[in-house]
Amino acid sequence: MGKIILVTGGARSGKSTFAENYVKDLNTSKAYIATAQIFDEEMRQRIDIHKQRRANEWHTIESPFNAEEAINACHNYPAVLFDCITVYMSNIICLPEANDMEPAQIQSKILQSIDKLITAAQKHPGSIVFVTNEVGAGIVPENKLARLYRDIAGICNQHLAKNADEVYFVISGIPLKIK
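One point on numbering: in this note's numbering, the residue at position 75 of the sequence shown is 62, and numbering is uninterrupted.
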């Protein structure tokens, strides 16, 4: 049975750096599941920074969708970093078919996807570190889609935390173990 670790925090809180170091400290072969897609130059630069930090020490799988398959493909890697849940959610929300779905249907689709990730992580023989953003601590978003995203992210994060063996909240680069 796999070990699930959840790392959460705000934007630029240091959560990805902490998660990468957590996986490095396991001193084993490691895989990185990247969920981000490059849509503009700024996003390309963000991804490049992450790649430079990881260098060639990691086996990287780009998986913006159906990431449970990526987890299943990583059984030969005792340590896997999944970065990140909230970007993965955004990918699903932005699918063309989501335009024709009711908010409850979108939420259901995302929660089903998160359940598949959890199941795959539980079956993985090693450790899976999930990174996610804590988006519910700020102001109430002004538009409907942003509120839906915030609400679903909160529900997904709760579900992941419930199933995690360890949970860390990173604030200003300082990790706080909360579970």
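A virtual CB, placed ideally from N, CA and C, is assigned to each residue, including glycine.
Span separating the alpha-carbon of residue i from that of residue j
i, j, result
"residue 159", "residue 106", "31 Å"
"residue 52", "residue 22", "7 Å"
"residue 127", "residue 138", "10 Å"
"residue 133", "residue 86", "14 Å"
"residue 12", "residue 3", "14 Å"
"residue 31", "residue 119", "19 Å"
"residue -8", "residue 90", "29 Å"
"residue 168", "residue 149", "A question about residue 168 goes unanswered here, because the residues of the chain that appear run from -12 up to 166."
"residue 58", "residue 103", "10 Å"
"residue 83", "residue 101", "20 Å"
"residue 48", "residue 60", "9 Å"
"residue 130", "residue 143", "20 Å"
"residue 153", "residue 28", "35 Å"
"residue 88", "residue 25", "25 Å"
"residue 166", "residue 155", "7 Å"
From the options, residue whose alpha carbon lies closest to that of residue i
i, options, result
"residue 14", "61, 66, -10", "66"
"residue 43", "83, 4, 18", "18"
"residue 38", "27, 114, 85, 20", "20"
"residue 63", "112, 82, -4", "112"
"residue 97", "75, 83, 116, 109", "75"
"residue 81", "147, 93, 70", "93"
"residue 121", "95, -3, 35", "-3"
Residue i: first and last residue of the uninterrupted beta strand (DSSP E) it sits in
i, result
"residue 49", "45 to 49"
"residue 117", "114 to 120"
"residue 69", "66 to 70"
"residue 211", "Nothing about residue 211 can be reported from this structure: the residues present for the chain run from -12 to 166 only."
"residue 17", "17 to 21"
"residue 161", "161 to 164"
Residue i, enclosing alpha helix (DSSP H) - first and last residue
i, result
"residue 10", "2 to 11"
"residue 153", "Element bounds for residue 153: not the alpha helix (DSSP H) but the beta strand (DSSP E), 153 to 158."
"residue 128", "Element bounds for residue 128: n/a, residue is neither H nor E."
"residue 59", "54 to 59"
"residue 87", "First-last for residue 87: undefined, no H or E at that position."
Any chain C beta carbon closer than 7 Å to residue i
i, result
"residue 29", "The structure shown has no chain C; it contains just one protein chain."
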